Each structure stands twice: as structure tokens, then as C-alpha cells.
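**Q**
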Amino acid sequence: MTQQLGAMQDWKLRVTHLIDHAAREHGDREIVSRWADGSETRTNWAGIRHDALRMTQALRRLGIQPGDRIATLAMNHSRHLVTWYGAVGAGGILHTINPRLFDDQLDYIVNHAEDRVMLFDKIWAPIVERMKPRWPTVEHYICFDNSEPALHFEEWLSPEDGHTEWSDGDERDACMLCYTSGTTGNPKGVIYEHRSTMLHALSAISPPVFGMDCRSVMLPIVPMFHAASWGLPWAGAAAGAKFVYSAVNDGAVLCDLIEREKVTCSAGVPTVWLALFQHIDANGGKLPASLETVVCGGSAMPRTMIERLMRQGVRVAHAWGMTETSPIGTTGAETWNWDELTFEEKVTIKSMQGRPPFGVEIRCVDLDDPTKVLPRDGVTAGALQVRGPWVVKRYFKAEDDAVTAGQWFDTGDVGLIYPDGTLHLTDRTKDVIKSGGEWISSVALENAAIGHPAVSEAAAIGVFHPKWDERPLLVVVKKPGADVSGDDLREFLLGHVAKWWVPDAVVFVDQIPHTGTGKISKKDLREQFSSYAWDAGG
Ligand code: ADP
Numbered sequence: 057m058t059q060q061l062g063a064m065q066d067w068k069l070r071v072t073h074l075i076d077h078a079a080r081e082h083g084d085r086e087i088v089s090r091w092a093d094g095s096e097t098r099t100n101w102a103g104i105r106h107d108a109l110r111m112t113q114a115l116r117r118l119g120i121q122p123g124d125r126i127a128t129l130a131m132n133h134s135r136h137l138v139t140w141y142g143a144v145g146a147g148g149i150l151h152t153i154n155p156r157l158f159d160d161q162l163d164y165i166v167n168h169a170e171d172r173v174m175l176f177d178k179i180w181a182p183i184v185e186r187m188k189p190r191w192p193t194v195e196h197y198i199c200f201d202n203s204e205p206a207l208h209f210e211e212w213l214s215p216e217d218g219h220t221e222w223s224d225g226d227e228r229d230a231c232m233l234c235y236t237s238g239t240t241g242n243p244k245g246v247i248y249e250h251r252s253t254m255l256h257a258l259s260a261i262s263p264p265v266f267g268m269d270c271r272s273v274m275l276p277i278v279p280m281f282h283a284a285s286w287g288l289p290w291a292g293a294a295a296g297a298k299f300v301y302s303a304v305n306d307g308a309v310l311c312d313l314i315e316r317e318k319v320t321c322s323a324g325v326p327t328v329w330l331a332l333f334q335h336i337d338a339n340g341g342k343l344p345a346s347l348e349t350v351v352c353g354g355s356a357m358p359r360t361m362i363e364r365l366m367r368q369g370v371r372v373a374h375a376w377g378m379t380e381t382s383p384i385g386t387t388g389a390e391t392w393n394w395d396e397l398t399f400e401e402k403v404t405i406k407s408m409q410g411r412p413p414f415g416v417e418i419r420c421v422d423l424d425d426p427t428k429v430l431p432r433d434g435v436t437a438g439a440l441q442v443r444g445p446w447v448v449k450r451y452f453k454a455e456d457d458a459v460t461a462g463q464w465f466d467t468g469d470v471g472l473i474y475p476d477g478t479l480h481l482t483d484r485t486k487d488v489i490k491s492g493g494e495w496i497s498s499v500a501l502e503n504a505a506i507g508h509p510a511v512s513e514a515a516a517i518g519v520f521h522p523k524w525d526e527r528p529l530l531v532v533v534k535k536p537g538a539d540v541s542g543d544d545l546r547e548f549l550l551g552h553v554a555k556w557w558v559p560d561a562v563v564f565v566d567q568i569p570h571t572g573t574g575k576i577s578k579k580d581l582r583e584q585f586s587s588y589a590w591d592a593g594g
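Right under this line is the structure:
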């Protein structure tokens, strides 16, 4: 018997459908931008679409062809949003660049991507000036908020009327390119498709993820240059949500915006929420009452922060993902028996990384034998693998696939999965410490150390040891004016982790090295302490 083909309509999963929908069904829903100079502008989804069509015309006038890369070096604002849709509307591939990367990384990724156009914020003009001679592929520089030293964005669009069609193509065409920050080796380009991005957007608006609809007012604190801004510019159009953008991530500015614009939902890394709380504590205010949902990820969200938000009635979604997963992997969705749990139990569940929404599959495999899939018993930790339609298959320009047989992608994270599917991350593969053949979680050591009142920042690394292969070394930055000895700290840790996990030595430093995305650079730390002599330690 031959299988019958279905007979439904052809409607390619291309992201331009998202902006068409937003403009048609939610055209007057506002997009607010608070700029770096303190000024504010307002447009709406219909306005974003019109400007994106004009940008499509302007790009074609520059000779941009489908598949060409269009780069941005910019913070969060409406012109950046126009660029997301304008670049893909012309068939281009949007390449968002993190301005905080180091010069050699900026050099590498722009040349690797072969970007032809670069759109940037005035505050990043010094990068452009510095890097121009090293970016031979870039033919056009356009500035979002100033006419010097390049063409102004509005001026560039001014001859265009928006009477055009989006470029057509296949739903598997590339639409966006994001590079990982390259904590090991050169950054790697992840090339998203129209189809993968569309499926990701549909998942992003669902209740277990951002839970957005046209009544939502979203303040994306996650930068538009980081991990595709967690897919929010695409998802927001599918939902028709109001967006509030801020080009600066200052606690006072964000609080004021949440209050005035009645923001219901926000998304960002833990440090941003710390800054917000510091502002609130210093000024005696409180979290604006409109805020219903906070989505937090990128690194582990501290329990105290989760507790504080939840006590104020905010729904916390602690999410895990990576550039390679578009980036939604797991989200802190509520369990079916949520209402029966105690507050403490709820905080414990939210302190973990949550469960995958439909479209993502996760599993953990043995760290030494990756063919051995581990049970979901909430005990056995292993290497986290992921698969699904918005998970990377091959890095940009790579010859080999990045996935192992059966399509599983190795995340480089270490975790365990509970029987109900909840993921608990315990480390990164490269950061786990192997002492006498047993694994020690560097994250658990750091979390425990951070609980000491004198500790501002802590990092645990494995250092060569003649008897145990590796032993943990704790590197600590003290809070200003605080005093604590290495032995005090080791004593404190005894109450929090297994005795044999306690670091053999503690080293105090003025600062710990960070990567371009603000995460602790264990690679640099390991280099710094590679010849550490245990005898000399404290
Ligand atoms: P980069 O690799 O460029 O720093 P990514 O955003 O892709 O940027 O980083 C992904 C990594 O961040 C994950 O592999 C994981 O190690 C870490 N991460 C993301 N979310 C969480 C979370 N909720 N808890 C702990 N770690 C997280």
C-alpha cells in the first residue's frame, strides 16, 4: 500500500510570517525604547513592519543578496528590532555581535561570517573605528543613533517607501547567525533556520516558557546580541505582546520602566536581578506590582534570589539553554501537583533548571562511557545531551556534524535528571574536578562558598595533585572590608559539602577573570594556577 500525502496548504515556516501577523493582528501594540541618552521613543508592530520593509529595500539597493550576512553591534531598541526583520526580509542572515567580546574574537567572527553590512550604536563607534582595518569584508557601516562617523539609520531608510515584498525562499534557509563566546578555542557560529526559529517562537510563547500573549508587556533585559535574545523578538511578534526596550541595564532605569510601562514579564541573567534588588534596597522601594513573571537563565539563579521574587508573588522560570539550542532547552515550568507543594519545596524545584518544553529532548550519559544512558533517578550525574528541531546540527562552515550518532548534541554541561524530568545542572564537563577517580562538582563548592558573608565571588578549579590526580582549589574574592582566612572558609564548607570535597587550599585574589559574556573564565583560572604547588597553599 502506498502512503497518501496529506493535502494541506503550503505555508513555509519563514519568520517574515511572524511580523506580518503582528502587524496585521496586533498592529497598534506598542514597542517602547528607552535610549542610552535617556530619551524615549514609541512605535508599534505595524511601524516595525513598515520600517523593516523599507530596510529590505535599502539593503537590496546596497546589492545585498539572499544569504549575505548583516551584522549588528547594538543594545536593545526598536531600530535593532527593525533590523532583525529587515535583514531576514531581504533574505539576509542577521548576525548579532556581542560588543563585549575581545578584539581578537571580534576580528575572528566578523571575518569568519564575512559580514557585508555593519549596523552599530554610537557607544560602540570606538570598536568600529578600531576594528575597521581588520574587517575587510564589511562594505557598509550604518549608525543607529548618530550621523557620525557613518550614515544614520533613519537617513539611510528615508528614500524607501516600504512598498515591496519579503524575499522568498526555503523554510530551511538560514536566517540568523550567533557565535558562542568561545570559552574554549575560537568562537563557533550557530546558524539558525527560518523553520527552526519559527518552531522555537511557537514554543517560546507557550505557558511553560514565556507564556506570552497580546496582553503581556515584556521587558527583555537579555541583550539582543546574546543567544538570539532568547528568541524574544520572534516570539513577541507571534504573541503580539507590547515590548519595552532599554539600551541601558541600570537598576534604577529598569525599575522605573517596569513601573511606568506596567511590565508583566521580564527575562535576563541573574546579575541583572541582583542590580535591580540592590537599587530597591538602597532606595527603600519595592518591586513594581505589575511584574508577574521573571524568566532567568544563562547561569544558575541563586536560591535567595528565587525566594525573594517568589515571596513577592512573582512567577519565576529558571531556564537552561545555550546558543546551540536557539536557546530554549529547559524552563522552570510548574509541576502538575504545584498547588500541593510547600513554599520551600517550590523554591527547591525552581532552584533547579526545570523541564524541557515540547520540542526538546534531554538525557544524561556516563561521563566516562557516553554509550551508557543514565537513569532519571535524581542521583546519577552525567554529561547532558540534547536533541530537537532547534538544536544545532553543524556549526557554520564546519565540515563535520556537531552531533553524535542519533542526533544527540553534547552540551558540555553536567547534570542529573529527576524521575519527573526536572534537570539539575551540577557542572560543566570541563570544570568538574576528578579526585581519586571520583567527581566533585565545582558549582556545588562555589554555591556553598558564596553563602559565606565575607565572600563576594568564588571559583573552584581542579589542580594537579600527585596522589589524587586532581584536588579542588578555591579562588575567592572577598567583599570590601570583610576578613576571613582560608581555614575559616574550609571549616564553613565542611557544613555544606562532603568532607572529601572540601578544597585543599583557598587562594584570595583581587579579581577573578571573566569571559566576554560575563561568566567566570575557568580556562584562564586553570592557566593561572596550572603550576600551583599544594605545599605552598594555605
Ligand atoms: P556562551 O557559551 O557563549 O557563554 P551561552 O549562553 O550559549 O553562552 O551559554 C550556555 C551555557 O550557560 C550552558 O551550556 C550552561 O553551562 C550555562 N547555563 C545556561 N543557563 C543556565 C542555568 N539556568 N543554570 C546554570 N547554567 C546555565
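Note that the working numbering has the sequence shown beginning at 57, numbered continuously upward. By construction, the Cβ of each residue, glycine as well, lies at the ideal position given by its N, Cα and C atoms. All values reported here derive from a predicted model rather than from experimental measurement.
Taking Val88 as part of the beta strand (DSSP E), name the residues at either end of that continuous run.
**A** 86-90
**Q** For Cys270, which three-state DSSP category applies?
**A** coil
**Q** Pull up the distance between the alpha-carbon of Ile496 and that of Glu502, whole angstroms please.
**A** 11 Å
**Q** Do Ile362 and Ser407 have their C-beta atoms closer together than 8 Å?
**A** yes
**Q** In the DSSP output, what is Asp466 paired with across the bridge?
**A** Gln441
**Q** Roughly how many angstroms lie between the CA atoms of Trp91 and Val184, to the nearest whole one?
**A** 20 Å
**Q** Going by CA-CA distance only, name the one from Arg228, Tyr164, Lys298, His250 that's closest to Lys244.
**A** Looking from the CA of Lys244, the closest CA among Arg228, Tyr164, Lys298, His250 belongs to Tyr164.
**Q** Quick one: what's got a C-beta closer than 7 Å to Ala592's C-beta in the same chain, skipping five residues either side?
**A** With a pLDDT of 47 at Ala592, under the threshold of 50, the predicted position of this residue should be treated as unreliable, and no value is reported.
**Q** Write down every uninterrupted run of the alpha helix (DSSP H) in the segment 470-512 whose length is 4 residues or greater and which is fully enclosed by it, in chain order.
**A** 498-506
**Q** Quick check: does the Cβ of Trp376 come within less than 7 Å of any heavy atom belonging to the ligand ADP?
**A** yes
**Q** Would the segment 310-318 and the segment 327-343 be scored as touching if the rule is three or more Cβ pairs under 8 Å?
**A** yes
**Q** For Ser355, is the beta carbon positioned less than 7 Å from some heavy atom of the ligand ADP?
**A** yes
**Q** Pick out whichever of Ala505, Ala500, Leu479 has its Cα sitting closest to the Cα of Ile489.
**A** Ala500
**Q** From Gly594 to Ala516, what does the alpha carbon distance come to, in whole angstroms?
**A** Any reading at Gly594 is ruled out, since the residue's pLDDT is 39, under 50, leaving its predicted position unreliable.
**Q** Looking at the secondary structure, which residues open and close the beta strand (DSSP E) in which Asp543 lies?
**A** Looking at the DSSP string, Asp543 is not in any beta strand (DSSP E); the run it does join, the alpha helix (DSSP H), is 542-550.
**Q** With Thr386 as the anchor, note down where its beta strand (DSSP E) starts and where it stops.
**A** 384-386
**Q** Enumerate in chain order the residues of its own chain whose CB-to-CB distance from Thr86 is below 7 Å, with the five nearest sequence positions on each side excluded.
**A** First, the residue type needs correcting, since residue 86 is Glu and not Thr in the sequence shown. These residues qualify, in order along the chain: Arg98, Asn100, Lys298.
**Q** Pop quiz: Val553 and Ala504 are said to be a contact at Cβ under 8 Å. What is the actual Cβ separation, rounded to whole angstroms?
**A** A Cβ-Cβ separation of about 6 Å places Val553 in contact with Ala504 under the 8 Å criterion.
**Q** Identify, in the order they occur along the chain, each residue of the same chain with its Cβ nearer than 8 Å to the Cβ of Leu365, setting aside the five sequence neighbours on each side.
**A** Trp329, Leu343, Val350, Val372
**Q** Excluding the 5 residues preceding and the 5 following Trp394 in the sequence, name in chain order all residues of the same chain whose CB lies nearer than 8 Å to its CB.
**A** Lys402
**Q** Considering only residues of the same chain and omitting the five flanking positions on each side of Arg484, which have a CB-CB separation below 6 Å?
**A** Gly468, Asp469
**Q** Just list the beta strand (DSSP E) runs in the segment 400-424, keeping only unbroken ones of 3 residues or longer that don't cross its boundaries, in chain order.
**A** 417-421
**Q** Taking buried to mean at least 16 other C-beta atoms within 10 Å of its own C-beta, is Ser498 buried or exposed?
**A** buried
**Q** Using a Cβ-Cβ cut-off of 6 Å (strictly less than) and excluding sequence neighbours within five positions of Lys68, which residues of its own chain qualify?
**A** Glu227
**Q** Determine contact between the segment 248-264 and the segment 166-184, defined as no fewer than three beta-carbon pairs at a distance below 8 Å.
**A** no
**Q** Would the segment 267-285 and the segment 131-138 be scored as touching if the rule is three or more Cβ pairs under 8 Å?
**A** Flag = yes, the segment 267-285 and the segment 131-138 touch.
**Q** Quick one: which unbroken beta strand (DSSP E) runs of 3-plus residues sit fully inside the segment 305-352? Chain order, please.
**A** 321-324, 349-352
**Q** On the three-state DSSP scale, how would you describe Leu258?
**A** Residue state, collapsed to three classes: helix.
**Q** Count the C-beta pairs between the segment 257-266 and the segment 284-293 that are closer than 8 Å, then say yes if the count reaches three, no if not.
**A** yes
**Q** Give me, in chain order, the residues of the same chain whose beta-carbon lies closer than 7 Å to that of Phe564; leave out the 5 immediate sequence neighbours on both sides.
**A** Same-chain partners within the cutoff: Val532, Lys534.
**Q** Secondary structure at Ala561, three-state DSSP: helix, strand or coil?
**A** strand
**Q** With DSSP as the reference, label Val300 as helix, strand or coil.
**A** The three-state secondary structure of Val300, taken from DSSP, is strand.
**Q** Return the CA-CA distance between Trp590 and Ala561, expressed in angstroms with no decimal places.
**A** 8 Å
**Q** Could you give the first and the last residue of the continuous beta strand (DSSP E) run that contains Gly610?
**A** This structure gives no information on residue 610, because the portion of the chain shown stretches from 57 to 594.
**Q** Figure out for me which residue from His77, Thr128, Arg316, Asp124 has the closest Cα to the Cα of Gly103.
**A** Among His77, Thr128, Arg316, Asp124, the Cα nearest to that of Gly103 belongs to His77.
**Q** Contact between the segment 456-468 and the segment 261-270 is defined here as three or more beta-carbon pairs at a separation below 8 Å; is this criterion met?
**A** Short answer: they don't touch.
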